[in-house]
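Mapping the sequence shown onto our numbering, position 256 (from 1) lands on 256, and the numbers just tick up by one.
Working notes for the structure below.
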Amino acid sequence: MLRRAALLLALAPTLALAADWPQFRGPARDGHSADTGLLKSWPAGGPKLLWTFAEGGVGYAGPAVVGDRLYTCGGKGGDEYVYALDLTKTPAAVLWSAKIGPLFTWQGNSWNAGPSVTPTVDGDRVYALGGFGDLVCVEAKTGKELWRANYAKDFGGEVNPIGGGLTQPSPLGWGNSAAPLVDGSTLVCVVGGKRGLFAGLDKTTGKLLWRSADVPEQAPYSSPVAAKLGGVPQYVSATNKGLVGVGLKGELLWRHDRATAFDDVVISTPVVRDGVVAVSVGFGEGIEAVTVAPGAGGKLTATKQYASKEIQNRDGGLVLLGDHLYGHSEQGGWVCAEFKTGKVLWTEGKALGRGVISAADGKLYCAAEKGGAVVLLDAATDGWKEAGRLSLPATSKLRKPQGMLWTHPVVANGHLYIRDQELLFCYAVKG
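Structure (structure tokens):
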């Protein structure tokens, strides 16, 4: 009994709770928290602010929360770091930090600096990706480096540089931004380049297991998702050409190329349910959805379901609650639409500016990219219905001139986390 208790204590930092948020966009990478019993409405002025951590460094990486630890990434000085915070302390305190690589930036860049990728936590390991493609695996308990790789040097990785950004020595655009995905023993990475969009690595050693050689495309800024379509487990990613699904060894299963490729950065993560895959892009591009199902001979095929300019989600994400999509559209503001048809039920362009979104316990958490407003929203299909609003007590002093609050809200274990570069705010939202 004593030995078992000692083992549990030793593993405590890595034991996952039901309401953890271990990676970008939550446990299932769909923007949903598993947390329940949360406040259904907020008091005037918003929920209680528990603490503010002001040493997060620059970057748009979000928090990953597992048990009583929070992991995220930030740039300080000339380097990028992944670090762990002790959530049993008030305010949270740094337990360890580990170097990822040099600080991502480039001359003339007025939009971003530092890491943009939320770390992925899997058991006793944390995977962190820097803007220059430095991928590091560290111990969750201590931050000790276990292995590392570089997307460009080791895998010939390339990022679509459309809209600006670095093109030498290899195309990096606005920096590597697709969060690694753990699936069983494999770490699935969107590295891009002529050798293949995806790379599957042994999550324990970092050894290359496979490439998706049939998809020789540059990486988008969108993160991949694991899905089962037509009964086949696979990895799905958006690209500038459209959408693609590959098997567990990187083999091409299906793809959908748009009539005209997306003509700007592809950031939003695909939304998948019941064989339908949808992705939305801002800058006048819109949303496109396909149905993936077995065709002749059993081969998976993608059939266009709908396309619309009414839902232009740039970087704030879309979440699916019930049968409806919610998020911000550059065409009309915040939007609710039928997922399977794309039909818009309502828009709201005045109550809250463009922003980011997550979902928890049947509610929507929306944060404006400017001004510091955060709204608790009912998932209504008949209009914008606020259940609470707060104003952040401060805004970042380290953001680039054109930078904004682009880090998605995180709800985990009764707490709401909002990050604005060096600032991380923690609110109590348990009912």
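We treat Cβ as the ideally placed atom computed from N, Cα and C, and that holds for glycine.
None of these values were measured; they are calculated from a predicted model.
With fewer than 16 other Cβ atoms inside 10 Å of its own Cβ, E251 counts as exposed. Assigned with DSSP and collapsed to three states, F24 falls in coil, not helix or strand.
In chain order, Y427 place their CB closer than 6 Å to the CB of L49, counting only its own chain and leaving out the 5 sequence neighbours on each side.
Taking C-alpha positions only, P27 is separated from C336 by approximately 23 Å.
The alpha-carbon of T88 is positioned some 40 Å away from that of E330. In the three-state reduction of the DSSP assignment, D154 falls in the helix class, which pools H, G and I. Rounded to whole angstroms, the gap between the alpha carbons of E158 and W106 is 16 Å. Our two residues, G353 and V374, have alpha carbons roughly 10 Å apart in a direct line.
In this structure, the alpha-carbon of Q23 lies about 6 Å from that of T118. A113 sits in coil when the DSSP states are folded into three classes, being neither helix nor strand. Here the alpha carbons of N109 and K400 stand approximately 8 Å from one another.
According to the DSSP assignment, S308 belongs to the beta strand (DSSP E) that extends over 300-308. Look at the beta carbons and you see the segment 310-322 not touching the segment 293-301: under three pairs across the two are nearer than 8 Å. In the structure shown, the three-state DSSP call for G333 is strand.
The beta strand (DSSP E) runs of length 3 or more contained entirely in the segment 312-369 are, from start to end of the chain, 318-321, 324-329, 333-338, 344-348, 355-360, 363-368.
The alpha-carbon separation between K207 and D214 amounts to approximately 20 Å. By a beta-carbon distance limit of 8 Å, D323 contacts E338. Their separation comes to about 6 Å.
At a Cβ-Cβ threshold of 8 Å, S223 and A152 do not count as neighbours.
Scanning its chain for C-beta atoms nearer than 8 Å, with the 5 sequence neighbours on each side dropped, one finds around Y81 the residues G57, C73, G74, G75, S97, A98, K99, I100, in chain order. According to the DSSP assignment, G200 belongs to the beta strand (DSSP E) that extends over 198-202.
Linking N112 to Q402 through their CA atoms gives a straight-line distance of about 8 Å. One thing to note: P171 has its Cβ no nearer than 8 Å to the Cβ of R195.
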